[in-house]
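Following full-length UniProt numbering, the numbering of the sequence shown begins with 1 at its first residue and continues without gaps. Idealized CB from N, CA, C, for every residue including glycine. Reading through the structure tokens given below for one structure.
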Amino acid sequence: MQQHSPRLNKMHLASLKTYYAGILALLWSCS
């Protein structure tokens, strides 16, 4: 895999982490 812009990649990873964290929090509060 080629990484053209590491900064963009890091931002994408961070947004994915917060995205999954939000989903986990929702599932946790519902159960």
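Length of the line joining the Cα atoms of residue i and residue j
i, j, result
"Y20", "W28", "12 Å"
"L26", "S15", "17 Å"
"S5", "K17", "19 Å"
Beta-carbon proximity list for residue i, same chain, < 8 Å, skipping 5 on both sides
i, result
"H12", "none"
Neighbourhood of residue i by C-beta, 7 Å cutoff - its chain only, sequence neighbours within 5 removed
i, result
"R7", "none"
Cβ-based neighbour list, residue i, same chain, cut-off 6 Å, excluding 5 preceding and 5 following
i, result
"I23", "none"
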